[in-house]
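Notes follow once the structure below has been shown.
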């Protein structure tokens, strides 16, 4: 009951502009008068040690990318680290407020004024609230959640990304206590993954500089390639969040010099990433396939199977579509059902009206008594509030058969890859009665799986069985078939803003459509290893040509989903290896100096690993720069019930993308 009350409260808070629990309005429902001063009290600490004489400034974050923040009040902490600020209410009731504490400490590595120590904490929106703590943990939470919005002391960005990032910071640290946040501290996180220990080690990394012993080394090791060295601990943490694979071992050696926070890592990680697992209400996610974000940054998720925690229990297809707030709770009223939804797979999209479309592949575990062919010939449509708009058997026009990739273009046309039909269904401007089937000639498209729309409105479709990508004109006419560039059992595809297409080549995955089965897929992937032949990414240029060779590295293991962020870098989900891979895209200015297109930015031998991952399919970027992955299958799947039970979110790792994603990515 306690967990349910907390989930309902946070969902309501996010629906009301993501205000944290301490935000308030006047009793009559109107805003408090700007003449009424607001108070914010708190303490600056390092571990249990108070930090006196810290200059504490309360800021209102800027409301546009790169814009300045506005200082609202400044004071100094007393000998016990305590401070009190009085400020006038900002005119914007949804403004994001945060605290910066500049600490002057003595020490042999502290510099002229005793050390470049800057700590931070994100509050949320204006209003009276409880006392807060500013320490190393709240600083790491600020640096990672706000990584894409922070420049020195200035935090700024547009809605909803900045507002959501502020709320997400509270999934890492509790600013009222300075302790680990409840979501990070408990299952499905806590002792079940290494993220909690990584978070505490990052806090220890800053503590050494606060102590005055490691500042010079920290600032040197945290420097991003081609960027100026950070000047303080906050910017150092931000730089590590941006380039988590740099100097990993050396930074770990610094972290163990001041072990204030427990539990911490006992060995260096592959990279300094923070990956949170979200499981909603704890009994709904079972085989999440793919993710799509609405304009507020809520995640809509397809779910393969009805929930059952027992892998030996035979499960049928789920008839719910899921919707999570940016902080991982069920959105109000979610999950939603109806509209013919059954066993939805990889296909989910939002159209320009905000309606959600999901392809009903008909997934179910072995032993389910239902006939999936009764369900897999439809697509379901839901309104922005989750109300089913399609009939109880779904929309069935246009010869839909085992639909997978389902995407909207900017004109509202819905494109559906019929994995079991060697065709694509196009629904003009979302009018199902006008749907028609498009079948490229001569078996050019076998087991079509995913679709991406380029800047010209052309649809590109991967053919897993034909090892091809077919291009369709905006009206659906097949115009080109691409078979070179190392295409090998291709799955996911995404367009960048320059018109290049990026294709994930699994190398071995036979999709369970037409004559394929889930058991056959399981047999094919069980022995996949890093660097296996065929595991790669192909870039298709706007004219349909490809480089002679695909991009491959040891970090890729059964590549499945692919996404492009707001800087045109490429992210790949892997169905094996428990890792996320990041590649330099065609926009070299967004990559580390000296990079070439297709070169890994993540560690080339491992990618960004996480023990919170299992077998991943969908990967998407939200407006805050978080990378979301679908834990679709267990690492060792039982075919009665093979589904994974979480979404995994890498915090602050990518350039934000405007939502909903319709066509190529755009910056917010």
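Numbering (this note's numbering), first residue to last: 324 to 991.
Glycine is no exception: its CB is placed at the ideal position from the N, C-alpha and C atoms.
Computed from a predicted model, the values in this text were never measured in an experiment.
Practice prompt. Could you check which residue in 603, 608, 441, 966 has the C-alpha nearest to that of residue 560?
Written response: 441
Discussion item. For residue 935, which residues in the same chain have their Cβ closer than 6 Å to its Cβ, ignoring the five residues on either side in sequence?
Written reply: Within its own chain, the residues whose Cβ lies closer than 6 Å to the Cβ of residue 935, once the five positions on either side in sequence are excluded, are 516, 598, 600, 971, listed in chain order.
Practice prompt. Determine the contact status of residue 762 and residue 745, defining contact as a CB-CB distance below 8 Å.
Written response: yes
Worksheet item: If you draw a straight line from the alpha carbon of residue 945 to that of residue 584, how long is it in whole angstroms?
Response: 30 Å
Discussion item. Determine whether the beta carbon atoms of residue 537 and residue 580 lie at a separation below 8 Å.
Written reply: yes
Item to complete: Could you tell me whether the Cβ atoms of residue 954 and residue 975 are closer together than 8 Å?
Response: no
Worksheet item: Can you name, in chain order, every residue of its own chain whose Cβ lies under 7 Å from the Cβ of residue 888, other than the five neighbours on each side?
Response: 894, 944, 977, 978, 980, 988
Worksheet entry | Given residue 997 as reference, the closest of 845, 544, 608 once Cα atoms are compared | Any question about residue 997 goes unanswered here, given that the chain covers just 324 to 991.
Fill in: DSSP-derived helix/strand/coil call for residue 461
helix
Worksheet entry | Proximity winner among 857, 512, 626, relative to residue 607 (alpha-carbon distances) | 626
Worksheet entry | Stretch-stretch touch, CB-based, cutoff 8 Å, three pairs: the region 674-683 with the region 694-713 | yes
Item to complete: Mind listing, in chain order, the continuous beta strand (DSSP E) runs of no fewer than 3 residues lying wholly within the region 725-775?
Response: 726-731, 737-741, 746-750, 759-761
Practice prompt. On a CA-only basis, which of 869, 474, 941, 828 is nearest residue 920? Give me that one, please.
Written response: 869
Item to complete: Buried or exposed for residue 914, please, with buried defined as at least 16 other CB atoms from any protein chain shown within 10 angstroms of its CB.
Response: buried
Worksheet item: Nearest-angstrom Cα distance between residue 435 and residue 873?
Response: Bear in mind that the predicted position of residue 435 carries a pLDDT of just 36, short of 50, making it unreliable; the figure below should be weighed with that in mind. So the two alpha carbons sit approximately 52 Å from each other.
Worksheet item: In this structure, does DSSP put residue 943 in helix, strand or coil?
Response: strand
Worksheet item: So which of 586, 529, 535, 573 has the shortest CA-CA distance to residue 558?
Response: 529
Worksheet item: Along the chain, where does the beta strand (DSSP E) that runs through residue 962 open and close?
Response: Segment: none, residue 962 is in no beta strand (DSSP E) and carries neither H nor E.
Discussion item. With a threshold of 7 Å (Cβ to nearest heavy atom), would residue 697 be considered close to the ligand HEM?
Written reply: Absent from the structure shown: the ligand HEM. Ligands present: none.
Fill in: Inter-residue spacing [alpha-carbon to alpha-carbon] between residue 582 and residue 929
27 Å
Discussion item. Closest to residue 802 by C-alpha separation, out of 865, 698, 417, 483, would be which residue?
Written reply: 865
Item to complete: Leaving out five residues on either side along the sequence, give the residues of the same chain with a beta carbon under 7 Å from the beta carbon of residue 540.
Response: 577
Discussion item. With DSSP as the reference, identify every bridge partner of residue 421, one or two as the case may be.
Written reply: 382, 445
Discussion item. Buried or exposed, going by whether 16 or more other CB atoms sit within 10 Å of the CB of residue 387?
Written reply: exposed
Worksheet entry | Test item: CB-CB of residue 743 and residue 730 under 8 Å | For residue 743 and residue 730, no; Cβs fall outside 8 Å.
Worksheet entry | Residue span of the alpha helix (DSSP H) that contains residue 972, given as start and end | In the DSSP assignment, residue 972 falls outside any alpha helix (DSSP H) and lies within the beta strand (DSSP E) extending over 970-973.
Item to complete: Taking the CB atoms as reference points, tell me whether residue 593 and residue 926 lie closer together than 8 Å.
Response: Contact flag set, yes.
Practice prompt. Just the C-alpha distance for residue 351 and residue 450, rounded to the nearest angstrom, thanks.
Written response: Low confidence applies here, because residue 351 scores a pLDDT of 27, under 50, leaving its location unreliable and the question unanswered by this model.
Worksheet item: Along the chain, where does the alpha helix (DSSP H) that runs through residue 565 open and close?
Response: 556-565
Practice prompt. With a 10 Å radius around its C-beta and 16 neighbouring C-beta atoms as the bar for buried, classify residue 518 as buried or exposed.
Written response: buried
Item to complete: Mind listing, in chain order, the continuous beta strand (DSSP E) runs of no fewer than 3 residues lying wholly within the region 590-656?
Response: 598-601, 611-616, 622-626, 643-647
Worksheet item: Thinking just about the alpha-carbon of each residue, which of 466, 373, 479 is nearest to the one in residue 385?
Response: Residue 479 is the option with its Cα nearest to residue 385.
Item to complete: Over the uninterrupted alpha helix (DSSP H) stretch that includes residue 723, give me the two end residues.
Response: That residue, residue 723, is in no alpha helix (DSSP H); it is neither H nor E in DSSP.
Worksheet item: Using the C-alpha atoms, what's the distance from residue 973 back to residue 507?
Response: Residue 507 and residue 973: Cα-Cα distance of roughly 13 Å.
Worksheet item: Using the rule of at least 16 other Cβ atoms within 10 Å of the residue's Cβ for burial, across every protein chain shown, is residue 792 buried or exposed?
Response: Residue 792 comes out buried.
Worksheet item: Can you list the alpha helix (DSSP H) stretches of 4 or more residues lying completely in the region 817-895, in chain order?
Response: The DSSP assignment places 841-848 as complete runs of the alpha helix (DSSP H) inside the region 817-895, in order along the chain (cut-off: 4 residues).
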